[in-house]
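Have a look at the structure below before the remarks.
Residue numbers (our numbering): 731 to 1271.
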């Protein structure tokens, strides 16, 4: 049976709001205001996230906290573990394996989670990820050898990978378009908050014997909390549409968007029309959805963008800096490297909050076009500073430093890393997770999200397993210069291919990608939507 695909959109004008002329004329006529209001309300209900949306956002974002906490505690644990594992000091190879094991598990977890999301639902996959996360934590707590720790990290990675896919997927399907960017950034705030909490806990446990095991054990707390919350919460309306449960989809929409019964029916009908019909058994449906992701023009362009954003997030080096920040700061002369790492984590958290305030007002594209060059410049500053520090990483755990103690160039390294993290947090740190919203077809969205998450964790696996080796073989200066070059390539990708989608409905985004990436037209449409929104707000009184 042939697959039914959405009809191509030949002209972007079909996406433009019909009340555009009303905005241009700027009339005060009551009927004009009413027309604009109705158009806006049809998209966003009463314009405010409902209580259920807020609850689901916070519950989903606990996955981000777990991921962030994992990143933060392992950075300090690599320094604090001492001889607790296999009765020896960890070598660079040991550190790379312990760190990258989670990325490998997360890669596999993201793939399985993406496949399962359409079969059993987003909610059930998220609940299963919590169970796996707890199991991985228990194995790490009991670890006496390096390899047991690696196994525990690998198992935990399965839970992290599935959750990293499902959380932004659920948020993109639940959030009103007006607030979608900010609600997805909430997940990023929880990630950075988890990192910051982990650094503070590890700092407090610095002088506690086997204190790193305490920070590992605390991983279970957010998992138990999330599982308890989601047990009582519904799945997303778009998942219920996949399963043909249109009544349930409408019921959740009414609770999510605070809209009328007629508007809810219209939205469900729109979801039904925008979704391709994928017949067959569950396995056949999965395979056909994968094919549809590659053969349908809009889906394939969305796939390029979603995977490209995740690739940029990883291959510009941020997560390696977070994984090994304590190791780097210890190397350049800071005695309490964990305490210094808190500066980096706090910067990440604060500037993610900044992103929350500006992402839907300024737009993802404009922010990225400023933030990525800032990342590039910051990495160049770090490369120059490391050159004058004369730091050389030898084999095993051997490190050669030209000058002992803290130097001026060491301070420059901190400044450069703080600048880099600030630009990252405002830009690609949160925008990468919005890539899943580029897929309007829910049958394809979980598969597209799977590809995007797999790209993220593949990049994390490659970078985390090679970062210390790069420091040894091409020096810290060469390593940071290499990441600076990748930032430049990333800027070109954003400039030529990434369209502005702020304020657009998921179905409009898909139509926009039918005949190209339409960077210019998408920016025009996004600005037009903002003008309409301002017009409605100004005249609503």
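All residues carry an ideal CB built from backbone N, CA and C; glycine is no exception.
Any non-hydrogen atom of the ligand COA within 7 Å of residue i CB
i           : result
residue 950 : Absence of the ligand COA is noted for the structure shown, with no ligands found whatsoever.
Short Cβ contact (8 Å threshold) for residue i with residue j
i            : j            : result
residue 1224 : residue 1095 : yes
residue 884  : residue 947  : no
residue 886  : residue 801  : no
residue 1029 : residue 1178 : yes
residue 942  : residue 811  : yes
residue 1111 : residue 1142 : yes
residue 1001 : residue 968  : yes
residue 945  : residue 932  : yes
residue 994  : residue 973  : no
residue 997  : residue 780  : no
residue 892  : residue 796  : no
residue 897  : residue 790  : yes
residue 927  : residue 1086 : no
residue 726  : residue 1118 : This structure does not reach residue 726, given that the chain is present from 731 up to 1271, and the question cannot be answered.
residue 787  : residue 865  : no
residue 1176 : residue 1063 : no
residue 1046 : residue 1217 : yes
residue 869  : residue 875  : no
residue 880  : residue 828  : yes
residue 1152 : residue 1165 : no
residue 964  : residue 982  : yes
residue 1088 : residue 1220 : no
residue 1209 : residue 1122 : no
residue 1237 : residue 1093 : no
residue 1078 : residue 1027 : no
residue 783  : residue 904  : yes
Length of the line joining the Cα atoms of residue i and residue j
i            : j            : result
residue 1084 : residue 1194 : 28 Å
residue 1207 : residue 1180 : 35 Å
residue 771  : residue 1098 : For residue 771, the predicted structure reports a pLDDT of 45, less than 50, and the residue's modelled location is therefore unreliable. The matter cannot be settled from this model.
residue 815  : residue 1234 : 52 Å
residue 1060 : residue 793  : 30 Å
residue 1072 : residue 930  : 7 Å
residue 1203 : residue 899  : 39 Å
residue 1035 : residue 1090 : 19 Å
residue 799  : residue 862  : 16 Å
residue 1023 : residue 1080 : 36 Å
residue 843  : residue 1120 : 45 Å
residue 1232 : residue 1106 : 25 Å
residue 1069 : residue 826  : 22 Å
residue 1025 : residue 1247 : 16 Å
residue 1264 : residue 909  : 15 Å
residue 785  : residue 966  : 13 Å
residue 808  : residue 971  : 46 Å
residue 803  : residue 1268 : 48 Å
residue 1243 : residue 1033 : 11 Å
residue 1249 : residue 1239 : 11 Å
residue 1259 : residue 1266 : 11 Å
residue 1040 : residue 936  : 34 Å
residue 813  : residue 1037 : 39 Å
residue 1115 : residue 1066 : 20 Å
residue 1144 : residue 805  : 16 Å
residue 1019 : residue 1013 : 10 Å
residue 1213 : residue 984  : 47 Å
residue 1104 : residue 1043 : 14 Å
residue 847  : residue 999  : 22 Å
Decide yes or no for the touch test of the stretch 1052-1071 against the stretch 1152-1163: beta carbon pairs closer than 8 Å, at least 3 of them.
Under the 8 Å Cβ criterion, the stretch 1052-1071 does not count as touching the stretch 1152-1163, having fewer than three qualifying pairs.
Taking contact to mean 3 or more Cβ pairs, one atom from each stretch, closer than 8 Å, check whether the stretch 836-850 and the stretch 1174-1189 are in contact.
The answer is yes - the stretch 1174-1189 touches the stretch 836-850, with three or more Cβ pairs under 8 Å.
The stretch 902-922 contacting the stretch 1053-1069, beta-carbon criterion three pairs below 8 Å:
No, they do not touch.
For the pair the stretch 1147-1155 and the stretch 1252-1262, tell me if three or more CB-CB distances fall below 8 Å.
At 8 Å Cβ cutoff, the stretches do not touch.
Are the stretch 956-972 and the stretch 852-864 touching by the rule of at least three beta carbon pairs closer than 8 Å?
The stretch 956-972, when compared against the stretch 852-864, does touch it at the 8 Å Cβ threshold.
Length at least 4, wholly inside the stretch 1222-1266: the alpha helix (DSSP H) runs in chain order:
Listed in chain order, they are 1236-1242.
Which parts of the stretch 1002-1064 are runs of the alpha helix (DSSP H), unbroken and 4 residues or longer, counting only runs that do not cross its ends?
Correct list: 1012-1025, 1027-1045, 1048-1061.
Would you list, in sequence order, the uninterrupted alpha helix (DSSP H) runs of no fewer than 4 residues that lie entirely inside the stretch 808-879?
Within the stretch 808-879, the complete alpha helix (DSSP H) runs of at least 4 residues are 822-850, 852-872.
Every unbroken alpha helix (DSSP H) within the stretch 889-947, with a cutoff of 4 residues, ordered by chain
With a minimum length of 4 residues, the continuous alpha helix (DSSP H) runs that stay inside the stretch 889-947 are 910-934, 941-947.
Give the list of continuous beta strand (DSSP E) stretches no shorter than 3 residues that lie fully inside the stretch 942-982.
The stretch 942-982 contains no complete beta strand (DSSP E) run of 3 or more residues.
3-residue-minimum beta strand (DSSP E) runs that sit fully inside the stretch 1145-1229, ordered along the chain:
Counting only runs of 3+ residues, no beta strand (DSSP E) is found wholly inside the stretch 1145-1229.
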